[in-house]
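Notes follow once the structure below has been shown.
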Amino acid sequence: MTIRHALAASYRHAGLQAIMISLLFIAGCASTTRKPSLPVVLVDQASNGAEVKLAPNQEMIIQLIVNIRDDISWVMVGTIEETILQPLGQRLFQARDSQDRPLTRPLEEIKFRAVGNGEVIIDLAYVPQGGTLAQSSNRFFLRVIVDEFATSR
Numbered sequence: 000m001t002i003r004h005a006l007a008a009s010y011r012h013a014g015l016q017a018i019m020i021s022l023l024f025i026a027g028c029a030s031t032t033r034k035p036s037l038p039v040v041l042v043d044q045a046s047n048g049a050e051v052k053l054a055p056n057q058e059m060i061i062q063l064i065v066n067i068r069d070d071i072s073w074v075m076v077g078t079i080e081e082t083i084l085q086p087l088g089q090r091l092f093q094a095r096d097s098q099d100r101p102l103t104r105p106l107e108e109i110k111f112r113a114v115g116n117g118e119v120i121i122d123l124a125y126v127p128q129g130g131t132l133a134q135s136s137n138r139f140f141l142r143v144i145v146d147e148f149a150t151s152r
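Sequential numbering of the sequence shown, starting at 0, is according to numbering that gives the first Met the number 0.
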């Protein structure tokens, strides 16, 4: 075999590899079609003591009324199993108009993402800043079931 034949064979081999890689890349892109995103579940005071079903990767926001003048907020009592439901954060929210006047009562929003199958109880207490559970003036309980086969929300 001459050098010329060896080079030609190596170019053919490199060309076949490039085609194969391109086909694999295209097949990979085609197989990663986006699944429709799940709706965010909103929960408020009316759901106290209720049960919520979520699918994995679905988000839930708990919106609870707060009194910002008295510096009281909602805090989680204990912990939850984060392999089932992961806390994503907490914020104070109040809708305002274009002249910065309040449109709604202040709300504390607590956000979670369902992770894996299972069940947790969220226990929140309405406690003054720096206060103790004994000083709680209200409690909120929510049973959350994460089920990959959940169809009704």
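Using N, Cα and C, we set each Cβ at its ideal position, and we do this for glycine too. Given the structure is predicted, the values throughout are model-derived calculations rather than measurements.
Count the other CB atoms, across all protein chains shown, that sit within 10 Å of the CB of GLN57; report buried if there are 16 or more and exposed otherwise. As a working mapping, residue 57 is identified with position 58 in the sequence shown. Buried is the call here.
Terminal residues of the continuous beta strand (DSSP E) containing GLN62? Here residue 62 refers to the residue found at position 63 when the sequence shown is read from its first residue. First-last of the beta strand (DSSP E) with GLN62: 58-64.
Look up ILE121 in the DSSP assignment and give the residues it is bridged to. The count along the sequence shown starts at 1 and reaches residue 121 at position 122. BP columns for ILE121 point to LEU141.
Whole angstroms is fine: what's the gap from ASP69's alpha carbon to ASP122's? In the sequence shown, residue 69 corresponds to position 70, counting from 1. In the sequence shown, residue 122 corresponds to position 123, counting from 1. The alpha-carbon atoms of ASP69 and ASP122 are separated by roughly 22 Å.
Can you tell which of SER97, ASP96, TRP73 and ILE60 has its C-alpha closest to the C-alpha of GLN85? For this step, residue 85 is matched to residue 86 along the sequence shown. For the options SER97, ASP96, TRP73 and ILE60, the alpha carbon positioned closest to that of GLN85 is the one of ILE60.
Three or more C-beta pairs closer than 8 Å, one from the stretch 103-119 and one from the stretch 129-139: is that the case here? no
Around the Cβ of ILE223, are there at least 16 other Cβ atoms within 10 angstroms (buried) or fewer (exposed)? Because residue 223 is not part of the residues shown, which for the chain are 0 to 152, the question remains open.
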